[in-house]
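Reading through the structure tokens given below for one structure.
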Amino acid sequence: MTAVGPLLSAETGLSYALEGEWVEHPRFGRQFRFARCRMLPPSTPKAMEKFLSSGLIKGIGRKTAKKLVCAFGADVLTVLREEPQRLLDMEGLSSDKATTILESYREFAFGENLMTSLNSYGIDGDLVYRIFRRYGRDSLEVIEANPYRLAIDLRVTFDQCDRIAHRLGFRGDEPKRLQAALVYCLYLARDEGHVYLPASELLAQTGNILARSELYPEAPEEKNLHEQVAEAAEAQVIRLFGDGCYLPELYRAERVVARVLRRLSEEGEPWPVDVESVIATMEEDFGIRYAERQKAAFFGVANHGLTVITGGPGTGKTTIIRGLIALVNRARPNADIVLCAPTGRAAKRLAETTGQPAFTVHKALGLRGGKTDPFWDVEPLEADVVIVDEVSMVDIPLMAGLLRALKKGARLVLVGDRDQLPSVGPGQVLRDIIEHDVGAILRLNHIFRQAETSAIVTESHRIRSGILPDLSGRKDFLFLRRNSSAEILDALLQTVNRAIKRAGYGLADVQVLSPMRFTEVGVWNLNKLLQEQLNPMNTGKREVKAGDHVFRTGDKVMQLKNNYEKDVFNGDLGFIEDILLSGEEETDEDTIVVRFDEGLVSYGRSEWDQLMLAYATTVHKAQGSEYPVVVMPMTLQHRRMLRRNLVYTAVTRAREKAILIGMADALAFAVTNEQDAFRYSGLSQYWGGEAAVEVGEGDLNDEKDLESSHSDQYAQR
1 MTAVGPLLSA ETGLSYALEG EWVEHPRFGR QFRFARCRML PPSTPKAMEK
51 FLSSGLIKGI GRKTAKKLVC AFGADVLTVL REEPQRLLDM EGLSSDKATT
101 ILESYREFAF GENLMTSLNS YGIDGDLVYR IFRRYGRDSL EVIEANPYRL
151 AIDLRVTFDQ CDRIAHRLGF RGDEPKRLQA ALVYCLYLAR DEGHVYLPAS
201 ELLAQTGNIL ARSELYPEAP EEKNLHEQVA EAAEAQVIRL FGDGCYLPEL
251 YRAERVVARV LRRLSEEGEP WPVDVESVIA TMEEDFGIRY AERQKAAFFG
301 VANHGLTVIT GGPGTGKTTI IRGLIALVNR ARPNADIVLC APTGRAAKRL
351 AETTGQPAFT VHKALGLRGG KTDPFWDVEP LEADVVIVDE VSMVDIPLMA
401 GLLRALKKGA RLVLVGDRDQ LPSVGPGQVL RDIIEHDVGA ILRLNHIFRQ
451 AETSAIVTES HRIRSGILPD LSGRKDFLFL RRNSSAEILD ALLQTVNRAI
501 KRAGYGLADV QVLSPMRFTE VGVWNLNKLL QEQLNPMNTG KREVKAGDHV
551 FRTGDKVMQL KNNYEKDVFN GDLGFIEDIL LSGEEETDED TIVVRFDEGL
601 VSYGRSEWDQ LMLAYATTVH KAQGSEYPVV VMPMTLQHRR MLRRNLVYTA
651 VTRAREKAIL IGMADALAFA VTNEQDAFRY SGLSQYWGGE AAVEVGEGDL
701 NDEKDLESSH SDQYAQR
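With full-length UniProt numbering applied, the sequence shown has no gaps in its numbers, which climb one by one up to 717 at the end.
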């Protein structure tokens with residue numbers, strides 16, 4: 001029989017009592033749809049041992065399960081519930097392990113009861129589990145007090161929060177509902193790259209979200225929303241500046257970036273060094289001749305606190321970084337230099353090209369887990385010169401953390417390509433700095449002779465200039481014409497297969513990049529098909545299912561968010577080394593072990609949502625990385641995402657071969673479409689001409705500064 005309904009977990013070998021009704025599904029036929037369920041404790045020693053080995057109760061693996069069943073038979077759960085001292089007194093079991101088991105059992109039992117309670121509010125099993133992980137034993141109290149916290153804390157859709165709130169008896173004009181909708185819209189805006197929203201835009205988007213509700217069809221009065229903005233600002237839930245409405249962390253970050261970058265650009269003391277003489281010495285030592293614009297970079301660093309170097313591939317950015325290191329060593333022999341980049345792969349490439357140690361920005365700042373606001377609690381950087389590569393990837397919070405860590409008098413050198421996609425996170429820091437001429441800006445546009453032989457370099461520059469690349473098929477830049485999604489998909493799978501099985505490339509060397517996730521040649525479908533083609537299930541491999549995904553030993557995977565405790569970050573690529581099953585290994589829960597560049601990292605079942613298959617990724621996720629071979633589908637199905645900087649970014653990820661497969665019309669549309677997605681960034685308010693705002697030290701404290709006056713003005717308006 002098939003049963004459908006909410007379960008906190010469903011483990012093989014366990015029995016459940018389900019309450020519901022039989023229904024006839026139009027596609028899947030007869031099934032039992034249940035609204036409530038409870039686990040029935042195992043009634044035999046064998047069943048009890050199987051249950052205890054399932055990993056639901058931490059501290060109990062296969063061997064410990066056998067010990068417990070030998071000691072207590074099928075009554076193990078009764079002992080844990082009613083006679084915990086017997087477990088603490090058990091021979092062969094340490095007191096620490098016994099305590100872990102008892103605490104885990106209490107959480108398990110609480111979770112089962114929580115499931116029953118929250119089911120009555122229409123909350124399904126997966127969400128119950130996430131709620132329990134976030135709020136623990138306060139879960140029910142939190143939800144009943146304010147179900148809209150789920151939209152902010154767990155990114156639950158606002159419609160679902162409305163359904164829960166309606167069952168709890170909340171009104172449609174409840175202040176908690178209106179204020180949560182405002183904050184929820186700001187989170188959605190952050191996900192789209194905005195640092196803030198103008199008040200009018202925020203009110204319009206909030207009104208649209210509230211108007212969509214079928215349960216609360218009566219739209220709140222605009223006056224009520226205005227009042228909630230003012231109250232949210234008074235409580236510092238939203239911060240106001242000018243006509244902009246900010247999330248508090250983005251408000252603080254933007255002000256730090258504005259003040260420190262301006263200060264660096266204005267306060268740099270020139271070094272007492274003959275730069276021309278140092279350049280001549282370096283040219284003789286290295287056997288090269290620097291171009292005039294490259295020399296300008298050396299003068300910039302010697303005379304300014306902030307130097308920005310921007311240019312495309314083949315324009316000599318790496319040569320300049322190597323030269324800058326030599327310049328600092330000659331001009332300031334005792335100076336401490338730190339090299340860093342936003343991602344592990346970019347940092348590794350920076351280290352390889354310079355021959356110097358390089359770190360991720362996160363590691364350089366000592367960012368770790370367990371902090372309420374990690375970018376606000378960074379370790380000071382004692383470096384005299386900090387060089388950051390791939391700055392187009394750096395969002396406003398990370399830049400704020402970096403700038404807060406700089407010591408007084410430090411030089412900052414930012415290197416990046418302004419024509420690439422902006423950061424995944426909010427803001428467009430590199431673009432804003434260049435547009436407002438903050439610091440010494442060096443624009444590199446000359447392609448050096450050694451780069452001219454690379455079609456990847458020359459064609460990427462044509463794309464950047466809005467010119468259709470040469471599609472005749474040079475060795476390292478290929479365009480395979482196909483006229484339908486089915487043909488594109490077939491050609492793409494064949495191309496990747498040939499590259500790995502015939503041309504000698506490895507899984508790590510070939511990266512498929514797709515503009516979108518949900519199409520026939522989007523990331524999700526490509527990952528499923530490439531997994532079956534490149535890493536099929538066979539003897540000796542293990543696999544586990546996580547929602548709609550299957551993870552298998554040997555799979556190529558990507559980290560989806562920053563995890564400071566594990567020291568892995570959004571975009572890091574690795575391979576599944578092992579899968580440990582709690583029923584077969586002495587481990588608390590099913591565990592995926594991934595090998596990254598820095599070493600092995602373990603993920604318990606509750607952390608699997610941090611991983612995704614990475615045979616194919618979006619172009620955004622590939623920023624800061626380089627691969628020997630890049631393969632990209634080009635179809636008008638992706639029209640919404642096809643822009644010049646997206647194709648440019650994808651092509652420049654390739655080191656040896658860039659292969660585009662698809663429709664010439666799609667490529668032409670992308671290359672001629674220079675309209676990037678607009679982002680609200682407030683840095684221009686501080687740097688932009690007569691309207692520029694002076695930011696003082698006091699403005700950056702955590703205490704209330706401008707909000708009271710702004711919220712008063714807003715309420716009056």
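We put the beta carbon where it would ideally sit given N, CA and C, even for glycine. Source: prediction; values computed, not measured.
Looking only at A74, E21, H638, the smallest Cα-Cα distance to G522 is reached by H638. Residue pairing by DSSP places D578 opposite V593 in a beta bridge. Cβ contact annotation for L52 (same chain, cutoff 8 Å, sequence separation greater than five): I60, T64, A65, L68, V69, V76, in chain order. Linking Y686 to V429 through their CA atoms gives a straight-line distance of about 13 Å. With 16 or more other CB atoms across the displayed protein chains lying within 10 angstroms of its CB, D555 is buried. For W608, no pairing in a beta bridge is given by DSSP. Membership of M48 in the alpha helix (DSSP H) is indicated by the continuous run 45 to 52. Annotation: D417 to P270 spans about 26 Å, alpha carbon to alpha carbon. Collapsing the DSSP output to three states places G416 in a strand.
Straight-line measurement puts the Cα of R252 at about 16 Å from the Cα of E234. When DSSP reads this structure, G599 sits in a beta bridge with F596. In this model, A410 and V361 are separated by some 16 Å (Cα to Cα).
With at least 16 other beta carbons inside 10 angstroms of its own, G682 counts as buried. When C-beta atoms of the segment 614 to 628 are compared with those of the segment 510 to 518, three or more pairs fall below 8 Å, so the two segments count as touching. Contact check for I661 against P628 fails: the beta carbons are separated by 8 Å or more.
With contacts defined by Cβ atoms closer than 8 Å, I467 and T315 do not form a contacting pair. Per the coordinates, the alpha-carbon of G604 lies some 50 Å from the alpha-carbon of R330.
A direct Cα-to-Cα measurement between A351 and A326 gives close to 15 Å.
In the structure shown, S15 falls within a strand segment according to DSSP collapsed to helix, strand and coil. Secondary structure within the segment 480 to 536: the beta strand (DSSP E) runs of 3 or more consecutive residues, fully enclosed, are 510 to 514 (chain order).
The residue from R255, G242, A302, I576 with its alpha-carbon nearest to that of R332 is A302. The criterion of a C-beta distance shorter than 8 Å is not satisfied by I279 and V415. A Cβ-Cβ separation of about 12 Å leaves A383 out of contact with A358 under the 8 Å criterion. When DSSP states are grouped into helix, strand and coil, W22 belongs to the strand group. In this chain, the beta strand (DSSP E) harbouring R552 covers 549 to 552. Within the model, the alpha-carbon separation for I441 versus G305 is close to 12 Å.
Straight-line measurement puts the Cα of W22 at about 53 Å from the Cα of I396. If you look at G244, you'll find it in the beta strand (DSSP E) that goes 244 to 246. Distance between V257 and V394, taken at the CA atoms: about 12 Å. When beta bridges are read from the DSSP output, K545 appears opposite V550.
Out of A74, L40, M48, the CA that lies nearest to the CA of R62 is found in M48. Here Q236 carries a coil assignment [DSSP, helix/strand/coil]. Inclusion of L114 and R130 in the CB contact set at 8 Å is not warranted, their separation being larger than that value. Annotation: M39 to L478 spans about 58 Å, alpha carbon to alpha carbon. Going by beta carbons, K475 and A491 fall outside the 8 Å limit. Under DSSP, K58 takes part in no beta bridge, so it has no partner.
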